[in-house]
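Asker: Structure in structure tokens, see below.
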Amino acid sequence: MTYDVAVIGGGMVGTAIAYGCTSRGARTALLDQGDLSLRAARANAGLIYSQGKGEGLPAYATWTRRSIALWPEFAETMAAVAGGTIGFRQRGVLAFCLSEEELDARCALLQRMHNQLGGPAAPVHLVDRHELDAMLPNVRLGPHVVGATYSPEDCDVNALPLLRALNAGFLQARGTQLLERTVTRIASRGDGFNIVSDRDTTRATKVVVACGLGIPPLAEMVGLHAPVRPVRGQMIVTERLAPMLPIPGSGVRQIHEGVVQIGTTTEEGETIPATTVADLARMAARAAQVIPALAEARIVRSWAGIRPMTPDGCPIYQQSPSHPGAFVAVCHSGVTLCAAHAGPLAAAILAGKLPDDVSDLQPDRFDAHPT
Ligand SMILES: Cc1cc2nc3c(=O)[nH]c(=O)nc-3n(C[C@H](O)[C@H](O)[C@H](O)COP(=O)(O)OP(=O)(O)OC[C@H]3O[C@@H](n4cnc5c(N)ncnc54)[C@H](O)[C@@H]3O)c2cc1C
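Per my numbering, the very first residue in the sequence shown carries number 12; after that it's consecutive.
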């Protein structure tokens with residue numbers, strides 16, 4: 012059979028787009044390599060986060076904010092599909108600052124973004140130590156915490172149940188999963204594409220290349236350009252602790268089961284998803300500076316994941332100028348943008364035209380600044 016859409020990549024980005032296509036009635040195939048591949052979707056921190064997103068490229072800030080606005084309703088749909096909670100909360104997110112210099116740097120970043128956008132990228136408040144203590148009455152913050160920036164619209168979610176819900180929703184809407192397949196070639200064939208894997212060939216009218224670090228060679232075959240490089244991130248999880256942090260922080264977040272998640276790193280060029288003692292120790296030490304009680308908590312798990320990162324850190328979306336019907340989508344904020352990917356982006360792919368909001372997020376922005 013010929014599918015309406017074939018999505019290559021079953022990570023956070025591809026699965027969201029595939030779910031969005033199939034739930035709108037398109038016959039959709041989702042092709043994925045399998046559990047042993049490098050994937051970021053199962054490693055992330057679960058923040059739906061706007062602070063600092065889009066410096067130098069205001070379209071990313073606007074697109075992030077659009078996704079965040081869609082998240083509460085999207086989370087309800089995902090919870091219904093999953094038949095249980097996905098841990099979604101909209102309580103805002105704090106970015107703790109451990110010195111006046113850090114606080115000044117964050118304020119300067121927000122001011123630059125405000126100026127670039129001609130208005131606030133998202134509401135972000137500066138919170139001094141006194142206000143912070145009042146917001147977090149059940150925790151003693153460390154003496155070096157001078158304040159924080161706080162984005163009240165931001166949210167968090169438990170990313171693994173989210174990924175499971177996307178897959179469940181995809182299957183419930185009669186999507187077809189084609190797993191354990193490494194796509195090696197995409198060839199256009201008149202009215203669509205042949206997607207060739209190491210096992211078989213799938214035919215589709217439209218193809219979406221959304222396989223993270225696997226994108227570049229496949230994208231080139233259909234005239235798409237999406238340079239990505241690997242950037243490793245490490246995470247730590249503590250034992251369950253009594254409730255203390257009702258508002259998630261960007262590097263330290265207590266989730267509803269009581270565990271505290273600490274992280275993450277941004278390590279350029281690392282392709283092996285392994286943790287390092289030095290980085291875990293540094294992350295743990297910073298978390299203990301924010302909340303000294305964490306120094307006594309037992310660490311029960313740590314892990315690493317490899318993010319697909321674009322040259323400027325902003326998403327890339329494109330429909331191929333030479334092969335209409337072929338699309339590419341990649342970003343390093345796949346959780347934050349999940350609601351936009353399953354919603355307006357999927358709808359636009361089916362309509363054959365990317366949304367106006369992402370016209371500045373096409374890869375031609377790299378033409379003037381070759382990487
Ligand atoms: C430590 C860490 C913390 C993070 N925290 C956050 C956060 O708090 N908030 C947030 O929004 N984002 C966060 N992210 C980023 C988020 O996880 C990524 O944006 C997202 O997972 C990228 O999704 P993706 O689908 O593009 O890539 P991946 O998740 O890497 O998935 C790519 C998929 O493509 C498949 N594939 C690759 N090549 C092929 C091929 N040739 N054929 C078939 N299949 C193929 C792979 O099997 C894989 O399943 C974090 C990432 C890390 C590592």
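Glycine included, C-beta positions come from ideal geometry on N, C-alpha and C.
Everything numeric in this text was worked out from a predicted model, so none of it was measured.
Is the beta carbon of T73 less than 8 Å from the beta carbon of D368?
Answerer: Yes, Cβ-Cβ distance for T73 and D368 is below 8 Å.
Asker: If we count the other Cβ atoms within 10 Å of its Cβ and call it buried at 16 or more, is R196 buried or exposed?
Answerer: Label assigned to R196: exposed.
Asker: Excluding the five sequence neighbours on either side, which residues of its own chain have a C-beta within less than 7 Å of the C-beta of S162, listed in chain order?
Answerer: S61, Q62, G103, V104, A133, P134, V135.
Asker: Looking only at its chain, what residues have a beta carbon closer than 6 Å to the beta carbon of S199, apart from the 5 residues adjacent to it on each side?
Answerer: Excluding sequence neighbours, S199 sits near H334.
Asker: Going by DSSP, which residues form a beta bridge with W10?
Answerer: Because the chain spans 12 through 382 in this model, residue 10 falls outside it and cannot be assessed.
Asker: Start and end of the alpha helix (DSSP H) containing S78?
Answerer: First-last of the alpha helix (DSSP H) with S78: 69-93.
Asker: Does at least one heavy atom of ligand 1 sit under 7 Å from the Cβ of G21?
Answerer: G21: yes, Cβ under 7 Å from ligand 1.
Asker: With respect to 7 Å, is the separation between the Cβ of H352 and the closest non-hydrogen atom of ligand 1 below this value?
Answerer: No, since every heavy atom of ligand 1 falls outside the 7 Å radius drawn around the Cβ of H352.
Asker: Please report the straight-line C-alpha distance between A56 and Q245, rounded to a whole angstrom.
Answerer: Going from the Cα of A56 to the Cα of Q245 covers about 10 Å.
Asker: Is D43 helix, strand or coil by DSSP?
Answerer: In the structure shown, D43 sits in coil (DSSP, three-state: anything other than H, G, I, E or B).
Asker: So is the beta-carbon of Q44 under 7 Å away from any non-hydrogen atom of ligand 1?
Answerer: For ligand 1, at least one heavy atom lies less than 7 Å from the Cβ of Q44.
Asker: So for S162, helix, strand or coil by DSSP?
Answerer: Three-state DSSP puts S162 in a strand.
Asker: Let's see if you can read the secondary structure: which residues bound the beta strand (DSSP E) around R214?
Answerer: Looking at the DSSP string, the run of the beta strand (DSSP E) that includes R214 is 212-220.
Asker: Taking 8 Å as the limit between beta carbons, can you name the residues of its chain near M255, skipping five residues before and five after?
Answerer: The answer, listed in chain order, is L147, N149, V150, Q265, I302, A304.
Asker: Can you find at least 3 beta carbon pairs, one from the region 69-88 and one from the region 369-376, that sit closer than 8 Å?
Answerer: Short answer: they touch.
Asker: Rounded to a whole number of angstroms, what is the C-alpha to C-alpha distance between C349 and G98?
Answerer: Looking at the two C-alpha atoms, the distance is approximately 15 Å.
Asker: Using 8 Å as the threshold, is the C-beta distance between A51 and R175 below it?
Answerer: Contact flag unset, no.
Asker: Using alpha carbons as the reference points, say which of L58, A116, V156 lies closest to A298.
Answerer: The candidate whose alpha carbon is nearest that of A298 is V156.
Asker: Buried or exposed: R100, going by 16 or more other Cβ atoms within 10 Å of its Cβ?
Answerer: By the neighbour-count rule (16 or more Cβ atoms within 10 Å), R100 is buried.
Asker: To the nearest angstrom, how far is the alpha carbon of C118 from that of E112?
Answerer: In a straight line, the C-alpha of C118 is about 10 Å away from that of E112.
Asker: Beta-carbon separation of V219 and I360 under 8 Å?
Answerer: Against a cut-off of 8 Å, the Cβ pair of I360 and V219 comes out as a contact.
Asker: Indicate the three-state DSSP secondary structure (helix, strand or coil) for P381 in the structure shown.
Answerer: Because the pLDDT at P381 is just 46, under 50, the model does not fix this residue reliably, and the value given afterwards should be weighed accordingly. Three-state result, P381: coil.
Asker: Distance, Cα to Cα, G45 vs L137?
Answerer: If you take the alpha carbons of G45 and L137, they lie about 43 Å apart.
Asker: First and last residue of the alpha helix (DSSP H) that includes Y30?
Answerer: Unbroken alpha helix (DSSP H) run through Y30: 23-33.
Asker: Just to check my reading of the structure: V242 and R318 have Cβ atoms closer than 8 Å, yes? What is that Cβ distance to the nearest angstrom?
Answerer: Confirmed, about 5 Å.
Asker: Would you give the residue range spanned by the alpha helix (DSSP H) that L388 belongs to?
Answerer: Since the displayed the chain opens at 12 and closes at 382, residue 388 lies outside it and no answer follows.
Asker: Quick check on the burial criterion: 16 or more other C-beta atoms within 10 angstroms. Buried or exposed for T382?
Answerer: Per-residue confidence for T382 stands at a pLDDT of 47, beneath the threshold of 50, marking its modelled position as unreliable; no derived number is given.
Asker: Measure from the alpha carbon of G20 to the alpha carbon of each residue in T286, H267, I206, then state which is nearest.
Answerer: Minimum Cα distance to G20 is reached at I206.
Asker: Using 8 Å as the threshold, is the C-beta distance between A29 and G186 below it?
Answerer: For A29 and G186, yes; Cβs fall inside 8 Å.
Asker: Go to V301, then tell me how far its alpha helix (DSSP H) extends in each direction, as first and last residue.
Answerer: Here the alpha helix (DSSP H) through V301 covers 288-301.
Asker: Determine the direct distance from the alpha carbon of E279 to that of S331, and round the result to whole angstroms.
Answerer: So the two alpha carbons sit approximately 29 Å from each other.
Asker: Going by DSSP, what residues sit across from M320 in a beta bridge?
Answerer: Per DSSP, R240.
Asker: Since P227 and P238 are thought to touch, with beta carbons under 8 Å apart, how far apart are those beta carbons, to the nearest angstrom?
Answerer: Indeed they touch by this definition, with Cβ atoms about 6 Å apart.
Asker: Does DSSP classify A106 as helix, strand or coil?
Answerer: In this structure, A106 counts as strand in the three-state DSSP scheme.
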